[in-house]
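**Student:**
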Amino acid sequence: MTRGPGEEAGEQDREELLGLAAGVARAELVCHRDTWAFVVERASRGEHFRLPTDISEQPDGTVEVDVSGRSLLAAVDELWAVRREPGASVGTQRMAALAYQRIGEALRETGQSVDDGADERQVTRIVIDDRPPGGEA
Numbered sequence: 007m008t009r010g011p012g013e014e015a016g017e018q019d020r021e022e023l024l025g026l027a028a029g030v031a032r033a034e035l036v037c038h039r040d041t042w043a044f045v046v047e048r049a050s051r052g053e054h055f056r057l058p059t060d061i062s063e064q065p066d067g068t069v070e071v072d073v074s075g076r077s078l079l080a081a082v083d084e085l086w087a088v089r090r091e092p093g094a095s096v097g098t099q100r101m102a103a104l105a106y107q108r109i110g111e112a113l114r115e116t117g118q119s120v121d122d123g124a125d126e127r128q129v130t131r132i133v134i135d136d137r138p139p140g141g142e143a
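Put into structure tokens, the structure is as follows:
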């Protein structure tokens, strides 16, 4: 079976993100606790996922989670797969696609900083929250 151009580009994107995730020592993920539960449910299927112990609940219902690069690797891999899972509901596929996209954006930004030769290492920060800044919704 041959792959189409879109499928091939998606595989290249996945490979790039897996490589970037493998190079991250740790990242901070900020999202709603239900979104975090979704990420855990999906990423825990991966062989590299380890449940983080440093999880801070915020008053607005969000959590801040310190995740390892290894767990990010599992999240990228499993979220990518869910996006294409024929039996998954549209909502599940969209949630997986958004989480995958945000992780990818943060990893690419981190990769760019490393490429630019930044002297000081900053923690990769992944935010899955589309609320407008400045208030609780």
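First residue of the sequence shown: 7, per our numbering; consecutive thereafter.
In this text, a Cβ means the ideal position worked out from N, Cα and C, and glycines have one as well.
#1: On the DSSP bridge assignment, give the partners of Thr130 in chain order.
#2: Judging by CA-CA distance, which residue of Ala87, Val96, Ser74 and Leu113 is the nearest neighbour of Leu23?
#3: Can you tell me whether Ile134 is buried or exposed? The criterion is at least 16 other CB atoms within 10 Å of its CB, across all chains shown.
#4: Between which residues of its own chain and His38 is the CB-CB distance below 6 angstroms, once the five residues before and five after are set aside?
#5: Using only the alpha-carbon positions, how far apart do Asp83 and Ser62 sit?
#6: Report the option in Pro138, Gln128 and Val46 whose CA atom is closest to the CA atom of Leu79.
#7: How would you label Ala102, buried or exposed, when you count the other beta carbons within 10 angstroms and need 16 or more for buried?
**Tutor:** Quick answer:
#1: Ala33
#2: That would be Leu113, whose Cα lies nearest to the Cα of Leu23.
#3: buried
#4: Gly67 and Thr68
#5: 25 angstroms
#6: Val46
#7: Burial is judged here by how many other beta carbons sit within 10 angstroms of a residue's own beta carbon; Ala102 has at least 16 and is buried.
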